[in-house]
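Structure, as structure tokens:
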Ligand code: KDG
Ligand code: MG
């Protein structure tokens with residue numbers, strides 16, 4: 112079998128998505144997600160200019176060799192843009208493999224270890240009352256695990272809390288807009304939020320929280336310690352993960368479970384974190400972490416150290432990634448949880464999905480391969496629109512992590 116062609120489809124049904132479609136001489140094609148929020152065209156160009164010409168004529172069955180061609184073989188390696196491109200190639204090749212063999216992806220990865228995938232949604236309140244109301248609605252929808260984010264008094268716009276009750280979408284039209292941040296106000300308020308949510312909804316639901324990289328290690332240690340009585344499922348990205356040793360400070364002081372790495376793109380971002388057991392969940396998703404081939408190895412490595420998976424699954428990851436992640440989640444023994452933020456209804460005009468949510472869990476059907484298709488005619492109705500993630504400054508103007 113040979114790859115005959117490949118193309119990049121960029122579409123914006125409510126938000127931008129980049130999809131790689133690889134064609135073969137057997138009339139079968141595969142799809143891979145190549146969406147990197149706010150940097151869509153950088154990945155598309157890397158694929159179009161550098162990867163696709165190399166792919167043509169290669170045997171798509173050789174997923175392992177082709178992965179190493181684009182990672183080990185390429186001198187300038189790692190980084191979000193190139194790893195997202197590798198992910199898309201890898202995902203599309205596994206999709207082809209499943210279609211050729213007539214079997215769903217999960218069978219190729221080791222078969223089902225479970226029938227359904229525990230997912231968490233986002234509950235974002237502008238203030239505490241709004242949050243309590245929204246969490247109640249998520250519980251009515253059947254969610255068993257909920258990420259809790261709240262507006263903070265004195266901070267004009269807090270991460271995760273959409274303005275005007277719109278669906279969550281951190282990328283804004285055009286160039287990046289600036290947000291502002293005050294860690295001391297945040298640290299004072301968040302423990303009260305969790306106290307209230309536990310008081311109203313009890314201890315049976317799993318609660319999660321995303322700090323979104325905004326504490327120093329010692330601030331994060333204080334937060335993790337103060338949240339201990341509320342038994343979080345996890346505290347996510349308590350610090351920017353680039354300094355792996357920083358997590359030691361948090362770990363020494365608290366038993367609150369830690370998840371990290373939605374912005375990571377290689378196993379080498381995790382080595383100290385995993386081998387020293389400084390974290391409990393890996394967040395790096397298939398779409399940004401080198402695809403299925405690499406994440407199978409990262410998950411196996413993590414499992415040796417009793418670290419579980421908890422893949423990123425925000426709306427800026429396309430339905431192709433979501434479906435591939437669900438197959439993966441069904442298989443690996445050390446699956447922990449999967450993030451699930453439903454896409455806007457309009458996304459279904461372009462992507463035909465094979466998964467659904469029931470009572471706290473997601474399931475995928477038995478369509479061969481990844482099981483998601485793209486309607487290219489429909490995708491043309493939604494041309495690319497430039498959008499950027501915000502940047503963040505402390506209240507005195509200092510540039511900070513977003
Ligand atoms: O593109 C950035 C978003 O995906 C990110 O901000 C969402 O942190 C996020 C999460 O945990 O879903
Ligand atoms: Mg996050």
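In our numbering, the protein residues as written are 112 to 513.
Just so you know, even glycine gets a beta-carbon here, dropped at the ideal spot from N, CA and C.
This one's a predicted model, so the numbers in the text were calculated from it and none came from an experiment.
Buried versus exposed, by CB contacts within 10 Å (16 or more), residue i
| i | result |
| --- | --- |
| residue 436 | buried |
| residue 449 | buried |
| residue 366 | exposed |
| residue 314 | exposed |
| residue 179 | exposed |
| residue 352 | buried |
| residue 363 | exposed |
| residue 94 | Coverage of the chain is limited to positions 112 through 513, which leaves residue 94 absent and any answer about it impossible. |
| residue 438 | buried |
| residue 282 | buried |
| residue 186 | exposed |
| residue 267 | exposed |
| residue 370 | buried |
| residue 242 | buried |
| residue 137 | exposed |
| residue 154 | buried |
Residue i: first and last residue of the uninterrupted alpha helix (DSSP H) it sits in
| i | result |
| --- | --- |
| residue 244 | 239-251 |
| residue 175 | 174-181 |
| residue 389 | Counting along the chain, residue 389 falls outside any alpha helix (DSSP H), and DSSP gives it neither H nor E. |
| residue 336 | 328-337 |
| residue 157 | 151-157 |
| residue 234 | From DSSP, residue 234 is part of no alpha helix (DSSP H) but of the beta strand (DSSP E) over 228-236. |
Helix, strand or coil at residue i according to DSSP, with G and I counted as helix
| i | result |
| --- | --- |
| residue 260 | strand |
| residue 373 | coil |
| residue 357 | helix |
| residue 145 | coil |
| residue 499 | strand |
| residue 419 | strand |
| residue 123 | coil |
| residue 472 | strand |
| residue 364 | helix |
| residue 321 | strand |
| residue 491 | helix |
| residue 274 | helix |
| residue 467 | strand |
| residue 504 | strand |
| residue 115 | strand |
| residue 341 | helix |
Heavy atom of ligand 1 within 7 Å of residue i beta-carbon
| i | result |
| --- | --- |
| residue 144 | no |
| residue 376 | no |
| residue 96 | In this structure the chain extends from 112 to 513, so residue 96 is not present and cannot be described. |
| residue 323 | yes |
| residue 500 | yes |
| residue 479 | no |
| residue 516 | Residue coverage of the chain in this structure runs from 112 to 513, which leaves residue 516 outside it and unanswerable. |
Boundaries (first-last residue) of the beta strand (DSSP E) holding residue i
| i | result |
| --- | --- |
| residue 351 | Run containing residue 351: none; DSSP gives neither H nor E here. |
| residue 291 | 289-292 |
| residue 439 | Note, residue 439: premise wrong, no beta strand (DSSP E); alpha helix (DSSP H) at 430-442. |
| residue 195 | Looking at the DSSP string, residue 195 is not in any beta strand (DSSP E); the run it does join, the alpha helix (DSSP H), is 191-212. |
| residue 165 | No beta strand (DSSP E) holds residue 165; the alpha helix (DSSP H) holding it covers 163-166. |
| residue 216 | Segment 216-219 is the alpha helix (DSSP H) holding residue 216; no beta strand (DSSP E) there. |
| residue 132 | 128-135 |
| residue 446 | 446-450 |
Any non-hydrogen atom of ligand 2 within 7 Å of residue i CB
| i | result |
| --- | --- |
| residue 348 | yes |
| residue 438 | no |
| residue 244 | no |
| residue 373 | yes |
Best match in the options for proximity to residue i [C-alpha to C-alpha]
| i | options | result |
| --- | --- | --- |
| residue 434 | 445, 416 and 453 | 453 |
| residue 469 | 387, 322, 397 and 252 | 252 |
| residue 347 | 120, 395, 307 and 461 | 395 |
| residue 461 | 116, 118, 115 and 123 | 123 |
| residue 323 | 288, 294 and 310 | 294 |
| residue 135 | 404, 165, 164 and 207 | 207 |
| residue 304 | 318, 150 and 292 | 318 |
| residue 165 | 138, 191, 137 and 197 | 197 |
| residue 157 | 306, 195, 125 and 474 | 195 |
| residue 140 | 331, 176 and 205 | 205 |
Residue i beta carbon near ligand 3 (any heavy atom closer than 7 Å)
| i | result |
| --- | --- |
| residue 153 | Although ligand 3 was asked about, the structure shown includes only ligand 1 and ligand 2 as ligands. |
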